[in-house]
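Residue numbers (this note's numbering): 19 to 540. Don't be surprised by glycine CBs; every beta carbon is placed ideally from N, CA and C. Report on the following structure.
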Ligand SMILES: *Cc1c(COP(=O)(O)O)cnc(C)c1O
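Next comes the structure, spelled out in C-alpha cells:
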C-alpha cells in the first residue's frame with residue numbers, strides 16, 4: 019500500500035462528517051499528540067543511510083564467505099527508530115490502562131512485587147544450560163511452585179514445562195494418550211467435549227489423534243447426567259471407545275458443573291480419564307480442589323489465575339497437574355528432590371514419560387511470578403481471591419440483568435464471569451458487535467464477544483477480584499446507557515453502527531477483511 023493511499027485512508031477514517039478546526043487531523047494524520055505511524059520502511063530516505071560508520075577496508079571476511087549483500091533493513095536514524103517503537107507501544111491497551119473485562123481470559127492486575135522478584139539478578143540472569151549445582155535456588159523455587167499447585171488441585175504430579183494453556187492441554191491429552199497406549203487400550207480414541215467448550219479443547223483432542231464426540235448442553239448451560247450418558251454410551255461405528263472427556267469447570271457459561279461428581283464417576287467406570295481445562299481456576303482457587311471432583315489431568319494458566327502480564331503477547335505458562343497414577347506418563351522435566359539436592363528429572367529417570375515438549379524447563383520467569391503471587395497472598399489470600407472474583411461477577415450480573423438478556427440468571431449465582439446476550443437490543447437492530455464498539459467509544463475495552471457459542475450474541479464479562487466497586491459501577495452505568503440508547507433512540511441501528519467515532523480506526527469491514535485478507539505489506 020503506498021503512503022499516499024494510507025494517508026488518504028487515514029484522513030477518511032479520521033474525518034467526522036463535519037470536521038471543525040478542533041477535530042481535524044494534521045497532514046500526517048496526527049491529532050492531539052496521538053500519532054499516526056507508518057511502517058519504518060515508509061520513513062526511510064534513499065539518500066540517508068541509517069548508520070554513518072565508514073565501510074571497513076583491508077579486513078578479510080572472517081568467515082571466508084561471500085561478502086554480505088543488502089539485507090533490507092530500513093535505513094532510519096536512531097531517534098526515528100526509537101520514536102517508531104515508542105509510539106506503537108502506546109497503542110497497546112492493557113490492564114494497566116483500565117478495566118479489561120474479557121471473560122474466560124482472566125485479565126487481573128499483576129502486582130508489581132512479582133516483577134520485582136522476577137528481576138532479582140540471580141533469577142533474571144540464569145542460563146538454562148548452567149550446571150545444576152549452580153541453580154539450586156531456582157530449582158527449589160520450581161519445586162515449591164509444583165508443591166503449591168499440587169496442594170491447590172489435589173493432583174500430585176506436576177510438570178511446569180508447557181508454555182501456555184493450549185500447550186498444557188496438548189501435554190495433558192498426550193499424557194492420557196500415553197497411558198492408554200502403554201496399558202493396551204489403543205482402541206480408546208474418543209474424547210467427549212461439551213458444545214460450550216473453548217475452541218482449543220477440540221483442537222487439542224484432534225491434534226492428538228483422538229476423535230471428538232459432542233455433549234450437547236441444550237438450553238441449560240450445563241452438562242446434564244442424561245446428556246453425558248448418551249454421549250458416553252453411544253456406539254462408534256468403528257468400535258472406538260471413550261478415552262476421556264475434556265470439561266471446563268466452572269464452564270464457559272460461568273456456571274459450576276453441578277453434576278460433575280456423578281459424571282466423573284461414570285466416566286471412570288467406563289475406563290476414561292477426566293481432563294479439566296483449568297483456565298477458569300480463578301473461581302475455585304483455595305475453595306475446592308479439582309482432584310476432589312474426579313479430575314485426572316488439568317492445566318493451570320499461570321498467566322490468568324496467578325497474575326503475570328498477558329494479552330498483547332506477554333509470555334504464558336500452562337503447567338499440568340495429574341493424578342499419582344498418571345505422573346509416570348506426563349512430559350519431562352519435573353523438579354525432584356534427591357536427598358538435599360534438587361534436580362530435573364529427564365527421560366532416563368522416568369522411562370514411561372511421553373518425552374519432552376518444550377526446550378529446557380519452561381518459562382522460568384512465569385514460575386517466579388506465580389510463586390511470588392502465591393506467597394504474597396498466602397493460603398487465606400488465595401481463597402479470598404476466588405471469593406471476591408465470584409462476588410464481583412455476581413454484582414455485574416445482578417446490576418445488568420434487567421437491561422440485557424441474562425440467560426442463566428434464574429439458575430442462581432454465577433461463578434467468576436457473567437453471561438449476557440444482545441437478545442433485547444437486537445429487536446432494535448443493535449447487536450453484540452455494536453455494543454462492543456460503543457464501549458470502545460466510551461473508553462472501555464469490550465468484554466469477550468460471541469463466546470461461548472452455545473447462544474447467539476453472547477457477551478462474557480469477567481471483572482476479576484482486582485476491580486474496585488467504583489470501577490465496576492462506572493462500567494455498569496455505561497452499559498446501562500448503551501441499553502437505554504438502543505431501546506429509546508429512533509435511529510438506534512444507524513447510531514450504533516457508526517461507533518466508534520474517536521478511535522484511530524473507525525468500523526472496519528470485517529467481512530471483507532476475513533474474505534480477502536491482505537497479509538503482506540507491498
Ligand atoms: C485462555 C483459555 C485457554 C487457552 O489458554 P492460552 O494460555 O491462551 O493458550 C483454554 N481454555 C480456556 C477456557 C481459556 O479461557
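One or two residues paired with residue i in a DSSP bridge
i, result
"residue 6", "This structure cannot settle anything about residue 6, because the visible part of the chain is limited to 19 through 540."
"residue 436", "479"
"residue 266", "295"
"residue 175", "340"
"residue 206", "259"
"residue 130", "Looking at the DSSP assignment, residue 130 forms no beta bridge with any residue, so it has no partner."
"residue 212", "233"
"residue 466", "478"
"residue 402", "DSSP output for residue 402 lists no bridge partner at all."
"residue 316", "294, 339"
"residue 423", "439"
"residue 198", "Per DSSP, none; premise fails for residue 198."
Reference residue i; option with closest CA among the options
i, options, result
"residue 242", "386, 274, 105", "274"
"residue 438", "448, 458, 473", "473"
"residue 172", "294, 193, 195, 218", "294"
"residue 238", "400, 424, 53, 113", "424"
"residue 539", "57, 280, 53", "57"
"residue 346", "201, 138, 87, 101", "201"
"residue 154", "516, 353, 501, 475", "353"
"residue 397", "167, 84, 142, 107", "167"
"residue 487", "211, 414, 291, 427", "414"
"residue 231", "208, 357, 45, 289", "208"
"residue 139", "112, 383, 182, 111", "383"
"residue 175", "185, 164, 184, 183", "164"
"residue 187", "405, 318, 526, 152", "318"
"residue 246", "265, 351, 49", "265"
"residue 357", "212, 137, 158", "158"
"residue 406", "47, 84, 126, 152", "126"
"residue 435", "485, 363, 443", "485"
"residue 348", "362, 134, 373", "373"
"residue 391", "320, 363, 426", "320"
"residue 394", "133, 113, 516", "133"
"residue 350", "342, 179, 344, 220", "179"
Proximity test, residue i beta-carbon vs ligand 2 heavy atom, cut-off 6 angstroms
i, result
"residue 217", "Ligands displayed in this structure: ligand 1; ligand 2 is not among them."
Residue i, buried or exposed, once every other Cβ within 10 Å from all chains shown has been counted against 16
i, result
"residue 199", "exposed"
"residue 145", "exposed"
"residue 529", "exposed"
"residue 378", "exposed"
"residue 196", "buried"
"residue 399", "exposed"
"residue 360", "buried"
"residue 206", "buried"
"residue 300", "buried"
"residue 193", "buried"
"residue 82", "exposed"
"residue 285", "buried"
"residue 108", "exposed"
"residue 33", "Reliability of the predicted coordinates at residue 33 is poor, the pLDDT of 40 falling under 50, and the value obtained from them is presented with this limitation in mind. Flag for residue 33 reads exposed."
"residue 403", "buried"
"residue 455", "buried"
"residue 240", "buried"
Three CB pairs or more closer than 8 angstroms across the region 469-488 and the region 115-129: Segments in contact, yes.
Contact between the region 424-434 and the region 332-347 (3+ Cβ pairs under 8 angstroms): no
Inter-stretch contact (C-beta, 8 angstroms, three-pair minimum) for the region 475-485 and the region 398-413: yes
At least three beta-carbon pairs within less than 8 angstroms, the region 52-68 to the region 85-100: yes
Contact between the region 266-282 and the region 366-378 (3+ Cβ pairs under 8 angstroms): no
Any 3 or more C-beta pairs closer than 8 angstroms across the region 314-333 and the region 385-400: yes
Validate contact between the region 511-524 and the region 450-459 using beta carbons, cut 8 angstroms, 3 pairs: yes
Given 8 angstroms, three or more beta-carbon pairs between the region 241-256 and the region 304-314: no
At least three beta-carbon pairs within less than 8 angstroms, the region 504-513 to the region 441-449: yes
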